[in-house]
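Engineer: Residue numbers (this note's numbering), protein chains in the order written: chain A, 14 to 111; chain B, 1341 to 1812.
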Amino acid sequence: MFRRSEHDQRPPVQIFVDGVAVAARQGDTVSAALLASDVDARRSTAVSGAPRLPYCMMGVCFDCLVTIDGVGNRQGCLVPVADGMQVEIQKGKREIGK
Amino acid sequence: MTLAPKREDYDVVVIGAGPAGLAAAATAAEAGLSTLLLDENMGPGGQVFRAISSTPVTDRNQLGADYWVGADLVQVLRASSAEVIHRATVWSLDRNLEIAASIGGASAFVKANRVIIASGALERPFPIAGWTLPGVMTAGAAQTMLKSSALVPNGRTVIAGQGPLLWLLAAQILRLGGRIDRILDTTERGNYLAALPHAFAFLTSPYFAKGLAMMREVKAKVQVVSGVTELSASGDGQLASVSYVAGRRRETVPADLLLLHQGVVPNVNLAMAAGVEHRWDDLQLCWSPVLDANGNSSVAGIAIAGDGAGIGGANAAVVRGRIAARAAVEALAPASAAKLVPMAQLRTDLAKAERGRVFLDTLFRPARQFRIPSGDTVVCRCEEVTAKDILDAVAIGATGPNQLKAYRRTGMGPCQGRLCGLTVTELMAQARGKTPQEIGYYRLRAPVKPITLAELAAVPKTEADVKAVVRG
């Protein structure tokens, strides 16, 4: 859906999405990194299981909810990527212990 | 890096580091007041100047001169004594001016003598059929990614809606080599006539020439369809196509990405939860706080500046931030106000910045069918409640948004009504033959953003706190 501009000179950062290495850039939010990658980043809702992707990218819609380093229901659009970060696409509601 | 506030008390706490917050914090600090600026994002700028200190888009022409104004504001703030904390989510503000902010997974508490809320705006809900499909986003979302990560659409892309931001985004995407297949303009034909009496002020405002140039730039490269009166998105688990009606023509175009925008509205959650009185604005079709000329709200000590005070745009936001901060200085340290820009000058600046606004508000007043949906169209994205569900609830006795929560859980999901509140108010008002003011809005409470139970449990407690809730 999105591609990176060739003028983007920021240093690379590697994150893992469901265990698979994904190239990101320093300063990306988790949601931006997911949308720039080839990963199927669709979460599913807690209510009906409908697939969703980020909608607002500014912290208000909560459609970017994702599990980051073992913690569920994080707003991916507000969290910057970090090297080695473990991201899981969240299916359904947050699980106890996550 | 996690940073807690250095003090427990501040003269002024500013919430939000967009144009209003940056200007307010710098002004208060310049006058020698102890000032804390709390902001939810990774860096300063808010939405309009997003990623101003870190954007990979370094060719200044691509984002435009209006964007780079933000760099000067940040520079002034950084040269001041204001303390700034980013990635700090304010989740509570009360009448005692006590503020709770979540920073790095832990809550910090500060007390202020004055609070300036500069939490800005968010995009008006655009509840069309299929707007929850993956691949449908707001125009602002695309602009956020463009500014902060130099990302541009590269699949089949349709932009739909109306308003200045839509054209700015389109121009920026094209300048960065992104793809736009079609722009669907939903501006109502009748609005042009209605806006005409206000045209002179607009024609003589700086927005006119800029707006015209931008529309020309975009129209030279993209097919623009005007007079769009119906719009829907469809696909199976992913956006596949966009359908629309313009004139008598109904057309369906294949699409991977649909970017929606029909203006911005004040982000009211924090102010409403603090008890600030709001009124329905019939022109801007949203809730706006009741404020005096200095931005002071109905709650003593809380002022609101920027688009959260009613939509006025970035230039007006900067001036409103300075006015609110100057008023705080006059109240707390009158002797220091002399070194600031005089209030009379600020009022002149504000009048200039607000010139042409009524024209824009009238021209880009969104059409009823794009604000008040029907049938199976989802209204509340979090709890997945449709327009029909809400009308059914009204039919069996739901009178307003707060009762509707008990019937359908609308507004009770994580977004706390930010994406459905206006729609619910207008939909219920229409169904019950009342005005939005009569129907009212969700009663909002802290925490205004979700925090974990673990974070709440870790909050330091006095013996009295424990006794207040523990039996025996």
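Each residue gets a CB set at the ideal place from its N, CA and C atoms; glycine is no exception.
1) Which residues, taken in chain order from the stretch 1477-1509 of chain B, show a beta carbon closer than 9 Å to some beta carbon of chain A?
2) Rounded to whole angstroms, what is the Cα-Cα separation between Met1341/B and Gly1551/B?
3) Can you find a CB in chain B that lies within less than 8 Å of the CB of Leu47/A?
4) Looking at C-alpha atoms only, which residue of Leu1437/B, Gln1685/B, Ala1673/B and Gly1696/B is the closest neighbour of Arg1660/B?
5) Does the beta-carbon of Thr1429/B have 16 or more other beta-carbons within 10 angstroms, so that it is buried, or is it exposed?
6) In chain A, what lies closer than 8 Å to Pro1474/B by C-beta?
7) Within its chain, find whatever has a CB closer than 6 Å to the CB of Arg1662/B; leave out the 5 residues flanking it on each side and keep chain order.
8) Would you call the stretch 1639-1654 of chain B and the stretch 1413-1425 of chain B in contact, with 3 or more CB pairs under 8 Å?
9) In chain order, what residues of the same chain lie with their CB nearer than 6 Å to the CB of Pro1467/B, ignoring the 5 residues before and after it?
10) Would you say Gly1358/B faces chain A, with C-beta separation under 8 Å as the test?
11) Classify Ser1489/B as helix, strand or coil using the three-state DSSP reduction.
12) List, in chain order, every chain B residue whose beta-carbon is nearer than 9 Å to that of Pro93/A.
13) Looking at the structure shown, is Trp1620/B part of a helix, part of a strand, or coil, going by DSSP?
14) Taking the Cβ atom as the reference point for each residue, do Gly1372/B and Gly1460/B lie within a distance shorter than 8 Å?
15) Helix, strand or coil for Glu19/A per DSSP?
16) The alpha helix (DSSP H) with Arg1418/B in it runs from where to where?
17) How is Gln1512/B classed by DSSP in three states: helix, strand or coil?
18) Which value, in whole angstroms, describes the spacing of the CA atoms of Thr42/A and Met1485/B?
19) Which residues of chain A have a Cβ atom closer than 9 Å to the Cβ of Leu1625/B, listed in chain order?
20) Please list the residues of the stretch 15-33 of chain A that have a C-beta atom closer than 9 Å to any C-beta atom in chain B, keeping them in chain order.
21) Any C-beta of chain A within less than 8 Å: which residues of the stretch 1753-1768 of chain B qualify?
22) Just to make sure I have the definition right: I need the residues of chain A whose C-beta is within less than 9 Å of the C-beta of Pro1396/B. Which are they?
23) Taking 8 Å as the CB-CB cut-off, is Ser61/A touching chain B?
24) Count the other C-beta atoms from every protein chain shown that fall within 10 angstroms of the C-beta of Glu1438/B, then say buried if there are 16 or more, exposed otherwise.
25) Could you confirm whether any beta carbon from chain A is found closer than 8 Å to the beta carbon of Gln1563/B?
26) Which value, in whole angstroms, describes the spacing of the CA atoms of Val94/A and Ala1534/B?
27) Distance, Cα to Cα, Cys90/A vs Ala1678/B?
28) Can you give me the C-alpha to C-alpha distance between Thr1375/B and Gly32/A, rounded to a whole angstrom?
29) With 16 other CB atoms within 10 Å as the buried threshold, where does Arg1864/B fall?
30) So, does the CB of Thr58/A fall closer than 8 Å to a CB anywhere in chain B?
31) Tell me whether the beta-carbon of Leu1599/B lies closer than 8 Å to the beta-carbon of Thr1478/B.
32) Report the partner residues of Leu1376/B according to the DSSP bridge assignment.
33) What is the rounded straight-line gap between the Cα of Arg1427/B and the Cα of Leu1378/B?
34) Taking just the CA atoms, how far does Ile1779/B sit from Leu1744/B?
35) Please go through the same chain and pick out, in chain order, the residues whose beta-carbon is closer than 8 Å to the beta-carbon of Phe29/A, but skip the five residues on each side of it.
36) Ignore the nearest five residues each way along the sequence and tell me which others in Val92/A's own chain have a CB closer than 7 Å to its CB.
Structural biologist: On the basis of the coordinates in this document:
1) Met1477, Thr1478, Gly1480, Ala1481, Ala1482, Gln1483, Thr1484, Met1485, Leu1486, Ser1488, Ser1489, Ala1490, Leu1491, Val1492, Pro1493, Asn1494, Gly1495 and Thr1497
2) Since pLDDT at Met1341/B reaches only 48, below the 50 mark, its modelled position is unreliable, and no value is offered.
3) no
4) If we check each option's Cα against that of Arg1660/B, Gln1685/B comes out closest.
5) buried
6) Arg55, Pro64, Arg65 and Leu66
7) Cβ contact annotation for Arg1662/B (same chain, cutoff 6 Å, sequence separation greater than five): Ala1363, Thr1367 and Leu1686, in chain order.
8) no
9) Pro1713, Thr1717, Val1719 and Thr1763
10) Not one chain A Cβ lies under 8 Å of Gly1358/B.
11) DSSP places Ser1489/B in helix when its eight states are reduced to three.
12) Met1382 and Arg1427
13) strand
14) no
15) coil
16) Looking at the DSSP string, the run of the alpha helix (DSSP H) that includes Arg1418/B is Ala1405 to Ala1419.
17) helix
18) 9 Å
19) Result: empty, since nearest Cβ-Cβ is about 18 Å, beyond 9 Å.
20) Phe15, Arg16, Arg17, Ser18, Glu19, His20, Asp21, Gln22 and Arg23
21) Gly1753, Pro1754, Cys1755, Arg1758 and Leu1759
22) What Pro1396/B touches in chain A: Arg17, Ser18, His20, Asp21, Gln22, Arg23, Arg38 and Gly40.
23) yes
24) exposed
25) no
26) 47 Å
27) 42 Å
28) 44 Å
29) No answer is possible for residue 1864/B: it lies beyond the span of chain B, which begins at 1341 and ends at 1812.
30) Closer than 8 Å: yes.
31) yes
32) Val1353/B and Glu1423/B
33) So the alpha carbons of these two residues sit roughly 8 Å apart.
34) Cα to Cα, Leu1744/B sits roughly 11 Å from Ile1779/B.
35) Val35, Gly97, Met98, Gln99 and Val100
36) Thr42, Val43 and Ile81
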